[in-house]
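In this note's numbering, the protein residues as written are 683 to 864.
What follows is the structure in structure tokens.
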């Protein structure tokens with residue numbers, strides 16, 4: 683009976699440093715160490731994309747619940763948000779709840795759009811100069827988003843946007859000295 687893996691695969695599997703294994707017969711094992719992997723901008727770009735899409739999904743879950751008041755003040759606040767119609771001119775009379783829902787939908791769409799755009803460019807192996815620009819745009823946009831979230835919201839969105847920003851900052855640091863595709 684022939685063993686489907688080479689002996690180099692078995693020895694590499696039980697070694698302490700390799701992170702990536704390709705168990706095909708006759709194929710060399712990629713010996714990427716954790717340190718090498720963390721220096722690749724694609725690792726941080728994939729992390730940022732993952733955080734973008736996960737944050738979009740988590741944020742979209744907020745549309746499934748209906749806020750309930752726990753005291754008289756919250757009951758009054760929710761009643762005003764859902765029923766008081768503001769006259770914004772030109773026939774627009776939304777409630778504050780309508781305005782907040784539209785902002786919330788836009789935030790989710792921003793996350794999904796930028797996440798899928800970054801994923802598309804990564805899969806198409808876009809030119810390194812294009813990726814530098816796209817990652818730079820992500821850093822600028824999510825820096826503004828993080829500053830806004832940190833000053834106006836609560837902990838979960840601050841953490842989620844902070845993780846996105848950190849991943850793109852690290853991707854930007856790793857890619858700024860590159861001259862060719864990864």
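In this text, a Cβ means the ideal position worked out from N, Cα and C, and glycines have one as well.
In terms of CA proximity to residue 769, 780 leads the group 760, 780, 759.
Look at residue 767 here: in three-state DSSP terms it is strand. Annotated as distal: residue 725 and residue 846, with beta-carbon spacing of 8 Å or more. For residue 839, the enclosing alpha helix (DSSP H) stretches over residues 837-857. By the C-beta criterion, the segment 784-795 is judged to be in contact with the segment 736-756, since at least 3 inter-stretch pairs fall below 8 Å. Across the set 718, 719, 731, 715, the C-alpha of 731 shows the shortest separation from the C-alpha of residue 850.
Around the beta carbon of residue 774, a 10 Å sphere encloses fewer than 16 other beta carbons of the protein chains shown; the residue is thus reported as exposed. 764 is the residue among 720, 801, 860, 764 whose C-alpha sits nearest the C-alpha of residue 751.
Taking the CA atoms as reference points, residue 783 sits about 29 Å from residue 818. Within its own chain, the residues whose Cβ lies closer than 6 Å to the Cβ of residue 860, once the five positions on either side in sequence are excluded, are 810, listed in chain order. The Cβ-Cβ distance between residue 762 and residue 749 does not fall below 8 Å.
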